[in-house]
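Residue numbers (the numbering used here): 1 to 509.
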């Protein structure tokens with residue numbers, strides 16, 4: 001999206017639209033404008049979340065367009081094909097007539113520009129890392145092609161193979177033991193997810209990689225030798241959870257349709273004839289990942305979903321009967337955070353699920369190193385009320401894996417950045433946080449000096465070398481979606497490195 005993918009090319013290649021806002025006012029009129037226009041549907045970013053020039057050149061023109069105020073410099077349909085224009089018009093995002101008085105708009109705009117800072121503080125990186133010695137990096141080439149365009153990555157623990165999907169729709173599995181790569185199938189667009197359950201394969205293709213309102217994604221189901229596209233065209237799906245929600249022996253599919261201006265979380269339910277009906281669970285753009293877990297101990301699996309555009313949030317959908325859900329926002333973030341990933345884990349060992357999030361998707365029009373990017377630990381009070389207890393600042397953080405990598409009984413973190421500061425701190429593309437004291441949230445950060453042999457985009461983990469400890473896998477995506485020194489970009493484009501295995505030496509030490 002990025003997951004991005006995290007807006008997300010998966011997450012993250014996909015451009016996010018900032019709605020912008022103000023959080024302070026210097027008079028009753030500004031307060032009224034703020035409440036009515038700036039914070040009505042999402043948490044508004046602080047005025048100091050972006051520098052003045054980005055408010056003026058990027059965010060405010062988009063805000064104006066969403067309020068029906070247009071000018072030649074910022075027209076919502078500019079340079080777009082007719083089909084795309086038609087789909088955007090259907091969304092109703094951009095009113096044909098202004099919904100705010102022009103004098104009120106000028107007042108609000110002037111206030112924002114007066115209060116916004118010239119620059120952001122440079123506090124987005126804690127440079128106290130040591131060199132990582134617990135893991136050794138081993139580069140892997142999957143083919144002879146230069147560059148790498150991997151959009152899906154997963155370690156299959158049962159087969160001990162690495163599954164990869166590409167932007168061109170090729171799905172393959174890499175045998176770690178013999179070094180051979182085998183094609184599973186070829187599909188019509190960027191691969192964003194894959195699952196094989198009880199002999200049935202589900203392949204998710206995004207359709208459109210770049211932001212679009214045109215639905216061209218699909219899920220291809222394969223049983224035996226038969227491939228079938230189910231549920232029709234989907235709006236840029238980036239994640240598909242295959243799970244038996246009602247425990248009747250038949251799997252349902254919960255699809256994160258990231259979309260663009262519009263998006264949704266959808267439930268696909270199979271009937272007796274094998275057809276799928278689609279129900280919308282969340283009508284929200286930027287839906288990027290969903291996990292199933294019984295969050296209230298009632299015996300039914302609930303859904304925990306991350307949305308990453310506009311109303312950036314973690315939402316819990318409590319399952320009732322007949323696929324009905326009670327929806328509750330558990331965590332909300334500012335609309336500029338760039339939420340990219342989350343994990344459910346009982347961090348403090350008290351029997352309930354805590355939430356680890358990373359914020360750092362920077363694939364939008366406000367690219368700048370942001371001090372609020374990083375990894376956050378949200379502790380559950382036992383009633384699914386979450387409090388942020390720890391923040392590790394990290395430029396462009398987009399993935400996190402929570403495992404006991406050193407087998408000492410607590411949770412460590414592996415954090416990946418798709419948008420690091422390559423010019424000044426290139427080693428902070430990957431950070432391993434060793435948990436020194438879980439109660440006091442004391443972590444030691446480790447980095448790898450020569451990690452940038454590839455432009456890393458996705459991450460997974462597993463016991464790759466079958467020695468009993470947890471290893472880490474990174475995959476490369478040499479697509480020009482984030483600034484980097486020309487020398488580094490040239491190196492990536494000429495490289496044949498597709499993966500890097502970070503082999504854990506814990507058992508061997």
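Ideal Cβ positions, reconstructed from N, Cα and C, are used throughout, including at glycine. If you're wondering where the values come from, they're calculated on a predicted model, not measured in any experiment.
Sorted by chain position, which residues of the same chain lie with C-beta nearer than 8 Å to residue i's C-beta, five sequence neighbours on each side aside?
i: residue 407; result: 469 and 506
Helix, strand or coil, according to DSSP, for residue i in the structure here?
i: residue 429; result: helix
i: residue 438; result: coil
i: residue 365; result: coil
i: residue 333; result: coil
i: residue 279; result: strand
i: residue 221; result: strand
i: residue 176; result: coil
i: residue 346; result: coil
i: residue 70; result: coil
i: residue 315; result: strand
i: residue 48; result: helix
i: residue 53; result: helix
i: residue 387; result: strand
i: residue 61; result: helix
i: residue 94; result: coil
i: residue 162; result: strand
i: residue 3; result: Unreliable placement is indicated for residue 3, whose pLDDT of 39 sits below 50; no coordinate value is reported for it.
Identify which residue in the options has its Cα closest to the Cα of residue i.
i: residue 61; options: 366, 245 and 253; result: 366
i: residue 168; options: 175, 149, 179 and 158; result: 149
i: residue 448; options: 483, 130, 58 and 116; result: 130
i: residue 401; options: 413, 390 and 289; result: 413
i: residue 418; options: 71, 347 and 340; result: 340
i: residue 220; options: 247, 212, 246 and 276; result: 276
i: residue 388; options: 354, 362, 404 and 364; result: 354
i: residue 517; options: 360, 57, 161 and 248; result: Outside the displayed range of the chain (1 to 509) lies residue 517, so it cannot be described from this structure.
i: residue 205; options: 198, 211, 186 and 196; result: 186
i: residue 301; options: 201, 141 and 254; result: 254
i: residue 133; options: 90, 444 and 485; result: 444
i: residue 297; options: 351, 274, 305 and 259; result: 351
Please list, in chain order, all residues of the same chain as residue i whose beta carbon is under 6 Å from its beta carbon, the five residues on each side excluded.
i: residue 426; result: 452
i: residue 474; result: 456, 459 and 500
i: residue 467; result: 507
i: residue 147; result: 478 and 493
i: residue 49; result: 336
i: residue 357; result: 342 and 376
i: residue 244; result: 251
Distance, Cα to Cα, residue i vs residue j?
i: residue 216; j: residue 378; result: 36 Å
i: residue 228; j: residue 289; result: 24 Å
i: residue 24; j: residue 47; result: Note that residue 24 has pLDDT 40, beneath the 50 cutoff, so the model's placement of it is unreliable and the number below is only indicative. Distance between the alpha carbons of residue 24 and residue 47: 8 Å.
i: residue 84; j: residue 310; result: 21 Å
i: residue 381; j: residue 439; result: 15 Å
i: residue 330; j: residue 303; result: 12 Å
i: residue 177; j: residue 159; result: 10 Å
i: residue 476; j: residue 497; result: 8 Å
i: residue 21; j: residue 403; result: Below a pLDDT of 50, predicted positions are generally treated as unreliable, and residue 21, at 37, falls in that range; the measurement from the model is reported next regardless. The straight-line gap from Cα to Cα measures roughly 38 Å.
i: residue 26; j: residue 97; result: Low per-residue confidence applies at residue 26: pLDDT is 43, beneath 50, and the placement is therefore not dependable, though the value from the model is reported in the following sentence. Their Cα atoms are separated by approximately 28 Å.
i: residue 442; j: residue 394; result: 16 Å
i: residue 429; j: residue 503; result: 17 Å
The beta strand (DSSP E) with residue i in it runs from where to where?
i: residue 456; result: 456-462
i: residue 380; result: 374-380
i: residue 470; result: First-last for residue 470: undefined, no H or E at that position.
i: residue 257; result: 252-257
i: residue 300; result: First-last for residue 300: undefined, no H or E at that position.
i: residue 270; result: 264-270
i: residue 78; result: From DSSP, residue 78 is part of no beta strand (DSSP E); its letter is neither H nor E.
i: residue 156; result: 150-156
i: residue 139; result: 135-140
i: residue 207; result: Counting along the chain, residue 207 falls outside any beta strand (DSSP E), and DSSP gives it neither H nor E.
i: residue 132; result: Looking at the DSSP string, residue 132 is not in any beta strand (DSSP E), and its letter there is neither H nor E.
i: residue 308; result: Unbroken run through residue 308: none, as it is neither H nor E.
i: residue 196; result: 191-197
i: residue 413; result: 412-417
i: residue 237; result: 237-243
i: residue 229; result: 226-234
i: residue 357; result: 354-359
i: residue 181; result: 181-186
i: residue 168; result: Per DSSP, residue 168 belongs to no beta strand (DSSP E) and is neither H nor E.
i: residue 145; result: Note, residue 145: premise wrong, no beta strand (DSSP E); not H, not E.
Leaving aside the five residues before and after residue i along the sequence, list all residues of the same chain whose C-beta is less than 7 Å from its C-beta, in chain order.
i: residue 283; result: 264
i: residue 184; result: 171, 172 and 173
i: residue 488; result: 422 and 452
i: residue 214; result: 83, 84, 87 and 208
Could you pull the start and end residues of the alpha helix (DSSP H) that residue i belongs to?
i: residue 85; result: 82-91
i: residue 110; result: 102-115
i: residue 488; result: 486-494
Heavy atom of the ligand COA less than 7 Å from the Cβ of residue i, yes or no?
i: residue 160; result: For the structure depicted, the ligand COA is absent and the ligand set is empty, with no information on it obtainable.
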